[in-house]
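The structure appears right after this line, and notes come after that.
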Amino acid sequence: RMSDILSDAPISYVKWDMNRSICDKYSAALDAAHQGEFSHRYILGLYHVLETLTRAFPHVLFEGCCGGGGRFDAGMLYYTPQIWCSDNSDAISRLDIQYGTSFGYPVSTMGAHVSAVPNHQTGRVTPLATRGCVAMAGTFGYELDVTKLTDIEKDEIREQIALFQRFYDLIQYGDYYRLYAPENGCSVWEFASEDGSEALLSAVYNHVEPNAAVPYVKVLGLADDALYYVKSCGTASELLHGFPNFREDVPVSGAALKNGGMPIPPAWRNYQSWQIHITRCDKE
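Everything in the sequence shown is counted per the working numbering, starting at 1 for the first residue and increasing by one.
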């Protein structure tokens, strides 16, 4: 039936959900002594189905589903090169989800979308800029009703898409660094090019406290002896001009960014985010 559908319609993408847990597992084809083989046989059968479909339809992108983490593994990635991390698409929840997933799998495999607010699972309202920033730490897409967007939101989405396309190679193929864990109140991650010519820092505040200490992060993957410009980018927040520790027209060395670190601009509202582009001076 799957082959018939894929043969008869111009389909290039299939989302393969795995949300239903297998409970009370048994098979009428197995006797009592072999019921324990059920799960293994099921997985082998699933691989057989996916092998058949991916060979017959190599142009189709199959996206898997973690099913609560149960099917995000190397075996499924052989057939589904990207996997939906969780139906919880709340940007703040995703900080932990994508942070944990990154310890085992590259960013290019993590399905991550911008969804509507209030979020359908947490009820949380986060800025569109922050939702875009978090989704860019994965495959990046939108999962919402575009007919309900305001003109301002549509313009912001155009900017987000342009930004992701601009940094696509850096995000999908660059070196990934976890600089500040979500439990610290501000999650910071970095993508750095292999040649050390540029980096993209993303920072999202989980919550805001008055007079909170400014997070400092040590920027990795840059050349010690090179000079870099540090500039804000995208729609994530206001420019860095109001933050006295940085001037966008004054370069700083890679050694200083790595050893002394750089401060993340403070947040003055909940769930604020920053995207900061660091570029070697001779690349400008």
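For glycine and all other residues, C-beta sits at the position ideal for the given N, C-alpha and C.
Taking the alpha-carbon positions, what's the residue i to residue j distance?
i           : j           : result
residue 114 : residue 194 : 28 Å
residue 94  : residue 134 : 7 Å
residue 18  : residue 46  : 11 Å
residue 139 : residue 204 : 18 Å
residue 238 : residue 131 : A caution first: residue 238 carries a pLDDT of 48, below 50, which makes its placement in the model too unreliable to give a value.
residue 288 : residue 153 : As shown, the chain starts at 1 and ends at 284. That puts residue 288 outside it, with no answer to give.
residue 264 : residue 191 : 16 Å
residue 49  : residue 13  : 16 Å
residue 295 : residue 105 : As displayed, the chain neither begins before 1 nor continues past 284, which places residue 295 out of reach and without an answer.
residue 230 : residue 216 : 15 Å
residue 37  : residue 44  : 11 Å
residue 89  : residue 136 : 13 Å
residue 75  : residue 53  : 15 Å
residue 147 : residue 5   : 29 Å
Can you tell me whether residue i is buried or exposed, with buried defined as 16 or more other CB within 10 angstroms of its CB?
i           : result
residue 110 : buried
residue 180 : buried
residue 228 : buried
residue 118 : exposed
residue 123 : exposed
residue 10  : exposed
residue 71  : buried
residue 262 : buried
residue 103 : exposed
residue 51  : exposed
Between residue i and chain B, is there a C-beta pair that is closer than 8 Å?
i          : result
residue 95 : Going by chain labels, chain B is absent from the structure shown, which holds only one protein chain.
Quick check on this structure: which residue in the options has the alpha carbon closest to the alpha carbon of residue i?
i           : options               : result
residue 86  : 3, 150 and 112        : 112
residue 107 : 278, 92, 283 and 170  : 170
residue 196 : 257, 163 and 41       : 257
residue 185 : 101, 120, 155 and 273 : 273
residue 160 : 233, 63, 40 and 260   : 233
residue 99  : 62, 79, 129 and 187   : 187
Worksheet entry | Segment contact flag, the region 248 to 261 with the region 221 to 232, C-beta cutoff 8 Å, min 3 pairs | yes
Discussion item. Three or more C-beta pairs under 8 Å: does that hold for the region 135 to 154 against the region 50 to 62?
Written reply: no
Fill in: At least three beta-carbon pairs within less than 8 Å, the region 264 to 273 to the region 201 to 221
The region 264 to 273, when compared against the region 201 to 221, does touch it at the 8 Å Cβ threshold.
Practice prompt. With a floor of 3 residues, list each beta strand (DSSP E) that falls wholly inside the region 127 to 209, ordered by position along the chain.
Written response: 175 to 180, 186 to 192 and 198 to 205
Discussion item. What ranges does the beta strand (DSSP E) occupy inside the region 10 to 94, keeping only unbroken runs of at least 3 residues that lie completely in it?
Written reply: Entirely contained in the region 10 to 94, the beta strand (DSSP E) runs reaching 3 residues are, in chain order, 13 to 15, 61 to 65 and 82 to 84.
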